[in-house]
Amino acid sequence: MATKTKSALADRKMVARAIRDAFKKLSPKTQIQNPVMFLVYISAILTTGLFLLSLFGIQDAGTGFTLGIAVILWFTVLFANFAEAIAEGRGKAQADALRAAKKDVEAHKLSDPMDHENFTVVPSASLGRGDIVFVKAGEQIPADGEIIDGAASVDESAITGESAPVIRESGGDRSAVTGGTTVLSDWIVVRVTSDAGESFLDKMIAMVEGASRKKTPNEIALQILLVALSIIFVLVTVSLYAYSVFSAEQASMENPTSVTSLVALLICLAPTTIGALLSAIGIAGMSRLNQANVLAMSGRAIEAAGDVDVLMLDKTGTITLGNRQASRFIPVDGVSAEELADAAQLSSLADETPEGRSVVVLAKEQFGLRGRSIHDKNMHFVPFTAVTRMSGVDYEGTEIRKGAADAVRQYVEGKGGTFSQECQSTVDSISRQGGTPLVVAKNHRVLGVIQLKDIIKQGVKEKFADLRKMGIRTIMITGDNPLTAAAIAAEAGVDDFLAEATPESKLGMIRDFQAKGHLVAMTGDGTNDAPALAQADVAVAMNSGTQAAKEAGNMVDLDSSPTKLIDIVRIGKQLLMTRGSLTTFSIANDIAKYFAIIPALFMGLYPGLSALNIMNLHSAESAIFSAIIYNALIIIALIPLALKGVKYREVSAGRLLKRNLLIYGLGGIIIPFIAIKLIDLVIVGLGIL
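Each residue of the sequence shown is one higher than the last, beginning at 1 in full-length UniProt numbering.
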């Protein structure tokens, strides 16, 4: 789903669809959902009615003037509709791609999970929760589920956009599969976990289209504020009309202020800019999250991500690369480093784990030991087991073993050898530094220790420093002992850590932070993570994880990347920044409009108001036209910013507020003065008024 596409406004097909949708959204049922723009909608209808009356001699203002205001107001409504439609368009494009992946296929339904030969062929649409299906290589997985038997390589590109296949297997935290993905090798038995129409793909389509997008609490609160301001401006406008009538009667003059002009004033005073873009900002924020291959189960989740101030991150795969690497050979008891490296490499030649490969590479780099094979000396490889916690090799009467310190000690001493204090001190020193010691023994004699080190991901420390600037506290979660955890936490630059983490300790830590008023985000993929995910304010479940984890979370990361949590926080904060910046700009805009319209409306009654015509606009009608045209055009001008979002910056809330007030507050005051004056010059120059 995460594909790099050109800008929505550069996609002609998307723009054409948005224009059509903008006209479809003119129905009253749709318009009333946005109260501020509904006010513009009613005003457009009113001025259109006044224009039609003027054709029959019932004049409110000049026929051409009234028609011009009506047309501009209709364009204002259409521009707002277009902003929302173009934001929805990106989601619809994503939904179309997902629908292409969603198709009804034949499913092999089993009555006995252990009998793979006897199955009933049924359409995938008929499958329900609890059904058991058998899927072999080359077949599409018919429904969401969990693997209860087997293991397979699965192509999930239809969902994630990533072409590289992934391994899914029964048991553990990588047992979940998604309907619409394809098995590439082997076979699996899947228990269906969703009914027809409620699959993960169905939910994704609904979310990216915006059909399931509900307004967030902050969005609702801002809309209530905008409605309140609009009501105030309606009362102000009505009062001004009554006052102008009274003043005209007292001066024995005709009322110089028309209803059309006052309607234009009302629309210019009302917060139409942010009212028009508010929905588009929210939809675009959700779309950016979808483009990052994250599915939010609610709009509230992404908004909460913007307010998060505590991040709980797994060590493995997030802070470290997830594979420990051999970094040093430390000989003991007079053994040479080369002899230790030789034995360590021999014991690792058939070890295909990342740690084993790194031992071979380190020996090759440091001592030039290369071109060796387990077939050279008729070697017999001894695999690692959870019982022995050692691996090694036997050849020509020689035994080499490497493994955990206590396991090698027991092995050596059991064969009559000794485990020296020097070796134990080396093991303890490595543990204190946050490393993992592997002891190597040859023919029951300890040669030395291999230091394995968790490799901190490049750039992680800088990311945590940026988060700290924003007031976000980072906490590393690990199953390591406190000494190792403390060393890694210090190297990575996190603020705190939770060592020897258990489901209960993670849940307890989240509750403690929340009780102190913090918003907490965390990631997880296993059933044991479900309680903590359910408690967290922002809970990102891995798509590869268990069904329990996905149901507990309020976001699902389709890439199953624990580092995605940092990106989610960035997107959430960008959404809040964009909304706040454009609200500031919209309200600041009104100052210039006051100077454009109010003097123009009331100079006939109060000539002294001409001193406020600081823009030196040509006439009352050109001033009103210029302001109302600017009011419409600024919506179109700000659509790219609403879709892309304000540039994300890792600064504190205080600095961010000052910056936004400077750029969007001051800019919102200055730009309208320049734009309204230029529009006035164009109108007059073209002879329109």
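Using N, Cα and C, we set each Cβ at its ideal position, and we do this for glycine too.
The structure presented is a predicted model; accordingly, all values stated were derived computationally and were not measured.
Verify whether the separation of the beta carbon atoms of residue i and residue j is less than 7 angstroms.
i: L558; j: N543; result: yes
i: H444; j: V393; result: no
i: D149; j: S170; result: yes
i: V646; j: S581; result: yes
i: V440; j: A515; result: no
i: I69; j: T260; result: yes
i: A87; j: I283; result: yes
i: A548; j: A541; result: no
i: A143; j: A85; result: no
i: A592; j: F513; result: no
i: D309; j: G524; result: no
i: I475; j: D314; result: no
i: K442; j: I400; result: yes
Name the two residues that bound the continuous beta strand (DSSP E) containing residue i.
i: P437; result: 436-442
i: L110; result: 106-110
i: D496; result: 496-498
i: R20; result: Segment 12-24 is the alpha helix (DSSP H) holding R20; no beta strand (DSSP E) there.
i: T48; result: First-last for T48: 35-55, but that is the alpha helix (DSSP H), not the beta strand (DSSP E).
i: Q325; result: 325-331
Please name the residue or residues paired with residue i in a DSSP beta bridge.
i: S391; result: K402
i: K669; result: Here residue 669 is Ile; the residue named in the question, Lys, does not match the sequence. None, per the DSSP bridge assignment.
i: T320; result: T316, I456
i: R445; result: K442
i: A541; result: G524, V556
i: A296; result: M555
i: V310; result: R473, V520
i: I450; result: F329, L438
Assuming residue i is part of the alpha helix (DSSP H), what are its boundary residues?
i: residue 703; result: There is no way to answer for residue 703, as the model of the chain reaches only from 1 to 689.
i: F381; result: First-last for F381: 380-382, but that is the beta strand (DSSP E), not the alpha helix (DSSP H).
i: I220; result: 217-250
i: I475; result: It is not in any alpha helix (DSSP H) - I475 instead sits in the beta strand (DSSP E) that spans 473-477.
i: T30; result: 28-31
i: Y630; result: 620-644
i: S287; result: 272-291
i: V370; result: A quick correction: the sequence has Arg, not Val, at residue 370. That residue, R370, is in no alpha helix (DSSP H); it is neither H nor E in DSSP.
i: Q59; result: Unbroken run through Q59: none, as it is neither H nor E.
i: L617; result: Looking at the DSSP string, L617 is not in any alpha helix (DSSP H), and its letter there is neither H nor E.
i: A337; result: 337-348
i: M114; result: Careful: M114 lies outside any alpha helix (DSSP H) and carries neither H nor E.
i: Q421; result: 421-432
i: A489; result: 482-492
i: A534; result: 530-535
Excluding the 5 residues flanking residue i on each side, which residues of the same chain have their C-beta closer than 6 angstroms to its C-beta?
i: A305; result: V538, I568, V569, G572
i: E338; result: F367
i: P531; result: P503, L507
i: D202; result: none
i: G517; result: none
i: E491; result: I456
i: D529; result: A549
i: Q140; result: V105, T182
Among the residues of its own chain, which have a CB less than 8 angstroms from the CB of residue i, if the five just before and after it don't count?
i: G122; result: Note on identity: in this sequence residue 122 is Val, with Gly being the wrong assignment. Cβ within range, chain order: E106, A107, K109.
i: K4; result: Since pLDDT at K4 reaches only 44, below the 50 mark, its modelled position is unreliable, and no value is offered.
i: I167; result: A151, A152, S153, V154, R174
i: L50; result: D60, A61, T66, A70, V259, T260
i: L617; result: A596, A600, A623, S626, I676, K677, D680
i: V427; result: A405, P437, V439, V449
i: R468; result: T474, D495
i: I483; result: Rather than Ile, the amino acid found at residue 483 in this sequence is Leu. Within the same chain, L483 has close Cβ partners S431, R432, G434.
Which residues in the same chain as residue i place their Cβ atom closer than 7 angstroms to its Cβ, once the five residues preceding and following it in sequence are excluded?
i: A44; result: A70, L73, W74, V77
i: I683; result: S622, F625, S626, L689
i: G665; result: T584, A588
i: N34; result: G275, S279
i: S614; result: The amino acid at residue 614 is misidentified as Ser; the sequence shows Ile. Correct list, in chain order: F595.
i: S505; result: L498
i: K13; result: none
i: V40; result: L73, T76, V77, I267, T272
At 4 residues or longer, and completely inside the UniProt domain "P-type ATPase A" (117-209): list those alpha helix (DSSP H) runs for me, N to C. 157-160, 200-209
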